[in-house]
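If you use the numbering used here, the sequence shown corresponds to residues 111 to 414, in order.
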Amino acid sequence: MKKIVLTGACGALGMQIRETLAGQAEELVSVDIQEAPDTLLANERFEQVDVADMEAFGPLVEGADMVVHFAAIVDERPFEELLGPNYISSYNVWEAAYRHGTRRVIYASSVHAVGMHETMAGIGLDAPHRPDTFYGLAKCFAEDLGKMYWDKRGIEAVCLRIFSCTPEPQNLRALQTWLSYDDLRQLVLRAVEAPVTGFTTVFGISNNTRAPINNATAGFLGFKPKDNAEDWAETLQANAPRPAPDDMGFTRLGGPFASVPLGESGIAGIKAMSAAATSEAPAGEPAAPNADKLPKFLSKKRDD
Ligand SMILES: NC(=O)c1ccc[n+]([C@@H]2O[C@H](COP(=O)([O-])OP(=O)(O)OC[C@H]3O[C@@H](n4cnc5c(N)ncnc54)[C@H](O)[C@@H]3O)[C@@H](O)[C@H]2O)c1
């Protein structure tokens, strides 16, 4: 391939996949609203651009074989705050892809597009959208946009419904929902390399013993995750308080996003869950009894 455009290149996940993508094309054009990363790869060009600004973003897609769209605000916010970054940006990506004859869009969707489904339902990729937040609704919007541009304009799309992508599983919920960085890179690579995809969704989740979903119909992509959150089960279970049976943080796929009021942060709930599972107990609460035995969880990034 000649050119791949990556949006959200400076984000936690964008930084993990730059090298993978750069290896797949003569040129990687990395785009973010933030300043460039400290170092660029040999065949990487950086553009500081707001993807919601079509005049600035659209021309960058000229000559691109694929756009990998990861830019977004990654939390629940009032609808108006998400409208530009999470809704208009997605329209701009697909419309620019159409105008420039781009073959495929690979999109960072999320579990939150189906976050109100019950964890124990074991849904597959054919389950209807059931967003838990305006953030999740933006993922539904973009997935449907991708489906429409495939049906009407023949642009292929692979929507990666990413669960909790962190260096290590950070809380009890992540025993089900973790996606390791290695598995993320493999997933992105499979989405790029698949000979044909039409319109496809695939759950982005590691090979977790307790994974609550079924990826069977996306098997043709060849995504075979290797990591398993179960390796952390003993430690996480030893320290986290047992959830109530009706705790939506566990009974719905979206976790804490399922119970927050619309417009209010879901990440805050995830951080609290992670603090309870590690020694980072909120002030005033007793630390877990065997906190000194805990591995040092990387707290750089919350899961989603
Ligand atoms: N991290 C997870 O566990 C997770 C789970 C599900 C889905 N996702 C999705 O994956 C993608 C990347 O997530 P992340 O964890 O790296 O988030 P992040 O917040 O670390 O990165 C997002 C990046 O997008 C950029 N951005 C935001 N608005 C922009 C705009 N209008 N124009 C250009 N750049 C813009 C930000 O500057 C940031 O660098 C997001 O679409 C997110 O919804 C992430």
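Idealized CB from N, CA, C, for every residue including glycine. As the structure is a prediction and not an experimental result, all values here were calculated from the model.
Secondary structure at M358: helix, using DSSP grouped into helix, strand and coil. Taking the CA atoms as reference points, V139 sits about 15 Å from D148. Cβ-Cβ separation between A301 and L270: approximately 7 Å, consistent with a contact (criterion under 8 Å). Assigned with DSSP and collapsed to three states, L363 falls in coil, not helix or strand.
Going by beta carbons, I216 and V161 fall outside the 8 Å limit.
Proximity of the segment 346 to 354 to the segment 218 to 237 falls short of the contact definition, fewer than three beta-carbon pairs being nearer than 8 Å. Ranked by Cα distance from D142, the first of A182, G133 and P169 is A182. In the DSSP assignment, V298 falls within the alpha helix (DSSP H) that extends over Y291 to E303. DSSP, reduced to helix, strand and coil, places R155 within a strand of the structure shown. Between the beta-carbon of G168 and that of A218 there is about 20 Å, and that puts the pair past the 8 Å contact cut.
A contact between stretches requires three or more CB pairs, one per stretch, nearer than 8 Å, and the segment 236 to 254 fails this requirement with the segment 338 to 347. Q296 counts as buried, since at least 16 other C-beta atoms from the protein chains shown sit within 10 angstroms of its C-beta. For secondary structure counted as the beta strand (DSSP E) over 3 or more consecutive residues, the segment 167 to 223 holds these complete runs in sequence order: 176 to 179 and 214 to 220. By the Cβ-count criterion, Q158 is exposed, with fewer than 16 other Cβ atoms from all chains shown falling within 10 Å of its own Cβ. Pairwise C-beta distances place the segment 372 to 389 out of contact with the segment 320 to 333, as fewer than three of them are shorter than 8 Å. The criterion of a C-beta distance shorter than 8 Å is satisfied by Y259 and A267.
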